[in-house]
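Asker:
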Amino acid sequence: MAFVNPEVEVGTENEIIAEIEEKVFFFHGRLICGPDPRGLLLTTVSILLSSWIFSVYVGEDLPSHHSGLIIRVSEMLTLLVLGNLILVSSIDPGIIPRNEQDLIEDVISGTNSARTRRKRVITVNGVELKLKYCRICKIFRPPRSSHCVVCDNCVEKFDHHCPWIGQCIALRNYRFYLTYIVSAFAFFVYVLSFSCWKMHQRVLKNGTNLFELLKNCPETLALTLFSFAAILFLAGLASFHVYLISTNQTAYENFRQRFVGSKSPYDKGILGNMKEVLFVGMPPSRVDFRAEVTPRSWHPTAVSSHEV
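Here the working numbering runs 288 ahead of the position in the sequence shown, where the first position is 1.
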């Protein structure tokens with residue numbers, strides 16, 4: 289999933305830069321997706337299937353004078369969820385370009401960064417932080433960055449790699465991730481409410497029990513159980529990220545317990561943290577994913593698309 293083209297020839301040595309994973313690009317580099325789309329496809333199918341079951345099976349028992357409006361609202365929520373899902377899964381999360389010169393030299397010489405490198409220390413709000421050197425990307429990673437083992441890239445302000453979206457969640461797509469969680473939560477609460485209402489009406493009208501509900505409307509019962517599970521999962525996830533935002537942490541920093549026993553240099557208070565995470569403009573991408581790479585002009589801000 290690295291943005292370096294594995295088929296680029298280096299100078300006159302004709303060495304092939306191999307064994308580097310690729311991201312998958314759509315529309316000439318306008319959309320950048322992760323290497324494994326299975327989680328994203330499963331999530332998309334789950335949302336579409338839930339929306340379809342709601343419209344077809346739950347909608348048949350809705351009051352006739354309100355059914356059209358209720359179904360239209362569910363369709364609008366579905367589009368909102370899918371829109372946020374597309375944004376968070378197809379935007380550059382904050383990939384940091386690799387050090388092309390060291391990478392070329394290592395390929396030609398057959399070494400793997402055996403040279404001794406200087407340690408680098410910077411100060412952030414009065415706290416000294418040691419920059420880690422990435423032997424894969426050949427760079428000193430900026431603070432709060434990490435190398436994603438799934439995507440094979442260093443990513444700025446790395447939060448986590450989400451298998452259900454198939455993309456890293458980091459600096460540039462974190463806000464879309466939050467809006468996706470909120471919109472999905474609202475969608476499943478809406479679906480669950482009317483699904484429960486339908487089953488309640490069936491029980492009142494026919495005096496049916498759970499086994500008869502399972503026999504007569506299995507789709508609605510399955511949708512109710514799935515929506516309930518999704519709500520629990522999303523509520524827990526949202527609560528966790530509310531805590532992370534209030535303390536200006538990433539999920540990765542929280543997992544690694546980076547600042548346990550000491551004050552985080554990034555903590556600006558609850559309001560300051562919320563402003564930084566939610567309202568500061570998105571920085572431009574460090575990589576031009578639409579640029580072409582030639583054997584003579586390989587540059588860290590250029591990438592050859594694996595077009596789909």
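Yeah, the Cβ is synthetic: ideal placement off N, Cα and C, and Gly gets one too.
None of these values were measured; they are calculated from a predicted model.
Report the option in F528, I320 and E444 whose CA atom is closest to the CA atom of L673.
Answerer: This structure gives no information on residue 673, because the portion of the chain shown stretches from 289 to 596.
Asker: With DSSP as the reference, label C484 as helix, strand or coil.
Answerer: Three-state DSSP puts C484 in a helix.
Asker: Does DSSP put I379 in a helix, a strand or coil?
Answerer: If DSSP states are grouped into helix, strand and coil, I379 belongs with coil.
Asker: Tell me K418's beta-bridge partners as DSSP assigns them.
Answerer: Note: K418 sits in a beta bridge opposite V409.
Asker: Can you give me the C-alpha to C-alpha distance between T539 and V369, rounded to a whole angstrom?
Answerer: The question names Thr, but residue 539 is Ala in the sequence shown. Straight-line Cα distance between these residues: approximately 22 Å.
Asker: Determine the closest residue to H488 out of A518, V346 and G382, with distance taken between C-alpha atoms.
Answerer: Ranking A518, V346 and G382 by Cα distance to H488 puts V346 first.
Asker: The beta strand (DSSP E) with S434 in it runs from where to where?
Answerer: Taken as a continuous stretch (DSSP letters only), the beta strand (DSSP E) holding S434 covers S434 to C436.
Asker: How should S481 be labelled, buried or exposed, when 16 other C-beta atoms within 10 angstroms of its C-beta is the threshold for buried?
Answerer: Its Cβ having fewer than 16 others within 10 Å, S481 is exposed.
Asker: With burial defined as no fewer than 16 other Cβ atoms inside 10 Å of the residue's Cβ, what is the status of F475: buried or exposed?
Answerer: Buried, since its Cβ has 16 or more Cβ neighbours within 10 Å.
Asker: Suppose you measure from the CA of I478 to the CA of C450; what does that come to, to the nearest Å?
Answerer: Note on identity: in this sequence residue 478 is Tyr, with Ile being the wrong assignment. Approximately 25 Å, taken between the alpha carbons.
Asker: I'd like the ranges of any alpha helix (DSSP H) spanning at least 4 consecutive residues and lying wholly in the region 544-571.
Answerer: Taking only runs of at least 4 residues, the alpha helix (DSSP H) segments lying wholly in the region 544-571 are 557-567.
Asker: For I469, I'd like the list of residues in its chain whose CB is within less than 8 Å of its CB, leaving aside the five on either flank, ordered along the chain.
Answerer: Cβ within range, chain order: L522, L525, A526 and H529.
Asker: Does E564 pass the burial test, meaning 16 or more other C-beta atoms within 10 Å, or should it be called exposed?
Answerer: By the 10 Å Cβ count, E564 comes out exposed.
Asker: Grouping DSSP H, G and I as helix and E and B as strand, with all else coil, what is Q455?
Answerer: If DSSP states are grouped into helix, strand and coil, Q455 belongs with the strands.
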